[in-house]
Amino acid sequence: MIQTTIPTKHGSINLPAFFPDATKAVVKSLDSIDLINAGVEGLVVNIFHMLNHGAINITRQMGGIHRFMNWKNPIITDSGGFQVMSLIRQNPKMGTIRENKVVFYPQGSKDQKIILTPEKVVQTQLRLGSDIVMCLDDCTKPEEPEQEQIESIERTANWAARCKKEFVKLTKNWESKPLLLAIVQGGQSKRLRQKCARDLLNIGFDGYGFGGWPILPNGKLDNEIIKFTSELLPEDKIKYAMGVGKPENIRDCVNAGWQLFDCVIPTRDARHKRLYVFDDIPTKELLKKPDFYHYLYIQDSISKYSEKPIDPNCSCHTCQNYSRAYLNHLFKINEVTAWRLATIHNLRFYSQLMETLRQ
């Protein structure tokens with residue numbers, strides 16, 4: 001049976017759901033009240049970045065990630081596997097990938113290093129008090145040669161098995177356990193995706209993520225590999241399309257069976273003055289259209305003297321209280337309040353998107 005909710009210690013997640021990235025335990029410019037009012041159901045925190053900023057111990061001393069952030073809803077903690085691709089595979093000076101661990105050099109030299117093993121990422125995520133724990137994976141770029149992809153899925157399955165073993169050991173006496181998810185790698189190869197999924201299913205997890213980069217060189221979502229990978233996974237387990245963030249891509253992934261999403265796109269776009277506006281009141285019929293929304297570039301001259309809100313159909317704090325002209329002014333004078341108001345709107349757009357998709 002297809003899941004419609006995910007029960008966690010910090011409340012149920014209604015599916016499909018989009019979680020903004022609170023990478024370093026914060027969504028830039030917003031507090032927990034802003035997030036709740038925007039309809040955000042949960043957040044993603046990245047343990048690589050928390051380790052890099054020395055934030056793990058203080059978070060634990062403060063009673064865990066939820067208390068530290070004053071966030072009472074679910075939190076996913078990412079393992080740092082994506083940084084294997086975005087840092088090390090992009091620049092070998094940033095670290096090395098070994099069979100039993102990943103060694104990062106965050107400053108580009110060996111003077112400082114962060115070591116991630118499957119056991120350490122599970123220990124760290126449990127210390128933080130995560131609701132959904134992600135296994136360490138070896139994330140590749142789509143253009144990596146086949147041998148690299150083969151080695152990646154072998155490491156990913158091996159590391160997932162070690163994560164599961166450590167997770168079971170550490171939580172065996174817990175009354176309420178977090179969920180443990182593994183990540184399917186394999187690049188654009190259906191054969192390798194199939195093998196990786198099969199190996200992970202044999203180990204057994206609470207859910208599975210789509211790992212890697214699902215965007216083609218032309219900027220379009222690789223719908224074929226997304227749908228193929230979804231069909232490899234059981235319907236009664238969580239399906240998490242990691243890093244998928246454009247509204248039309250989320251819609252297409254939901255149609256392909258994926259349920260959980262995260263991305264920096266809406267918050268980063270807000271800080272770069274790009275806001276999202278539905279073409280009409282959001283309905284199922286509207287979302288069937290190829291183009292169901294458009295961008296508002298708030299510093300365009302058309303916004304400078306506009307008394308309109310960003311979106312007259314939006315219920316967010318920004319649209320209910322401020323004009324485009326005012327937001328245009330705030331960005332013009334480099335006022336940080338512009339970030340807050342723009343980010344609140346974009347996240348409310350995304351929560352409206354998910355509410356409509358749930359219908």
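Using UniProt numbering, read the sequence shown as starting at 1 and increasing by one per residue.
Note that beta-carbon positions come from the ideal geometry of N, C-alpha and C, so glycine has one too.
> Looking at the unbroken alpha helix (DSSP H) that takes in residue 202, where does it start and where does it end?
Replying inline: From DSSP, the alpha helix (DSSP H) with residue 202 extends over 190 to 203.
>> Looking at residue 77: is its Cβ nearer than 8 Å to the Cβ of residue 68?
In response: no
> Since residue 252 is in the alpha helix (DSSP H), which residue starts that stretch and which ends it?
Replying inline: Segment 247 to 255, the alpha helix (DSSP H) holding residue 252.
> So which of 136, 274, 141 has the shortest CA-CA distance to residue 156?
Replying inline: 136
>> Just list the residues that DSSP pairs residue 209 with in beta bridges.
In response: 183, 240
> CB-CB under 7 Å to residue 213, same chain, minus the five flanking residues each way: which ones, in chain order?
Replying inline: 141, 142
>> Can you give me the C-alpha to C-alpha distance between residue 12 and residue 254, rounded to a whole angstrom?
In response: Approximately 19 Å between the Cα atoms of the pair.
> Does DSSP put residue 294 in a helix, in a strand, or in coil?
Replying inline: strand
> Along the chain, where does the beta strand (DSSP E) that runs through residue 115 open and close?
Replying inline: 114 to 116
> If we count the other Cβ atoms within 10 Å of its Cβ and call it buried at 16 or more, is residue 174 buried or exposed?
Replying inline: exposed
>> Threshold first: 3 residues or longer. Then list the beta strand (DSSP E) segments lying entirely within the region 31 to 56, N to C.
In response: 43 to 46
> Based on the DSSP output, what are the partners of residue 167 in its beta bridges?
Replying inline: DSSP, once it has assigned bridges, lists no residue as partnering residue 167.
>> Report the CB separation of residue 26 from residue 75 in whole angstroms; it is logged as a contact under 8 Å.
In response: Not confirmed; about 12 Å, so no contact.
>> Counting C-beta neighbours from all protein chains within 10 Å, is the total for residue 285 16 or more, i.e. buried, or is it exposed?
In response: Residue environment: residue 285 is assigned as exposed (fewer than 16 neighbouring CB atoms within 10 Å of its CB, all protein chains considered).
> For residue 289 versus residue 256, is the C-beta spacing smaller than 8 Å?
Replying inline: Not in contact: residue 289 and residue 256 (Cβ atoms no closer than 8 Å).
> Would you say the region 161 to 174 touches the region 115 to 125, given that touching needs at least three Cβ pairs under 8 Å?
Replying inline: Enough Cβ pairs lie closer than 8 Å, so yes.
> What first and last residue would you give for the alpha helix (DSSP H) that runs through residue 8?
Replying inline: Residue 8 -> no alpha helix (DSSP H), and no H or E assigned at all.
>> For residue 133 and residue 301, what's the separation of their Cα atoms in angstroms?
In response: 46 Å
> Is it a yes or a no for the region 241 to 255 touching the region 306 to 326, going by three-plus beta-carbon pairs under 8 Å?
Replying inline: no
>> For a test of the three-state rule: what should DSSP assign to residue 95, helix, strand or coil?
In response: strand
> So the alpha helix (DSSP H) residue 22 belongs to, where does it begin and stop?
Replying inline: That residue, residue 22, is in no alpha helix (DSSP H); it is neither H nor E in DSSP.
> By the 10 Å Cβ neighbour count, where 16 or more other Cβ atoms means buried, how is residue 138 classified, buried or exposed?
Replying inline: buried
> By a C-beta neighbour count over all protein chains shown, 10 Å radius and 16 as the cutoff for buried, is residue 129 buried or exposed?
Replying inline: buried
>> In this structure, how does DSSP classify residue 260 when only helix, strand and coil are distinguished?
In response: strand
>> Assess contact between the region 268 to 285 and the region 331 to 343, defined as three or more Cβ pairs (one per stretch) separated by less than 8 Å. Is contact present?
In response: yes
> When the Cα of residue 204 is compared with those of 276, 237, 318, which residue comes out closest?
Replying inline: 237
> Residue range of the beta strand (DSSP E) that residue 65 falls in?
Replying inline: Run containing residue 65: none in the beta strand (DSSP E); it sits in the alpha helix (DSSP H), 65 to 69.
> Should residue 191 go down as buried or exposed, given a rule of 16 or more other Cβ atoms within 10 Å for buried?
Replying inline: exposed
>> Please give the ranges of any alpha helix (DSSP H) in the region 275 to 320, keeping only runs that are unbroken, at least 4 residues long and fully inside the region.
In response: 284 to 287, 301 to 304
>> Pop quiz: residue 41 and residue 17 are said to be a contact at Cβ under 8 Å. What is the actual Cβ separation, rounded to whole angstroms?
In response: Yes, residue 41 and residue 17 are in contact; Cβ-Cβ is about 5 Å, under 8 Å.
>> Let me make sure I understand the geometry here. Which of 187, 308, 122 has the alpha-carbon closest to that of residue 161?
In response: Taking only the C-alpha atoms, the option nearest residue 161 is 122.
>> According to DSSP, is residue 328 part of a helix, a strand, or is it coil?
In response: helix
> So what does DSSP say about residue 84, is it helix, strand or coil?
Replying inline: Annotated three-state conformation of residue 84 is helix, per DSSP.
> For residue 78, which beta-bridge partners are listed by DSSP?
Replying inline: 46
>> Using only the alpha-carbon positions, how far apart do residue 187 and residue 112 sit?
In response: 31 Å
> Of all the options 334, 30, 324, which has the alpha carbon lying nearest to the alpha carbon of residue 305?
Replying inline: Each of 334, 30, 324 was checked against the Cα of residue 305, and the nearest Cα belongs to 324.
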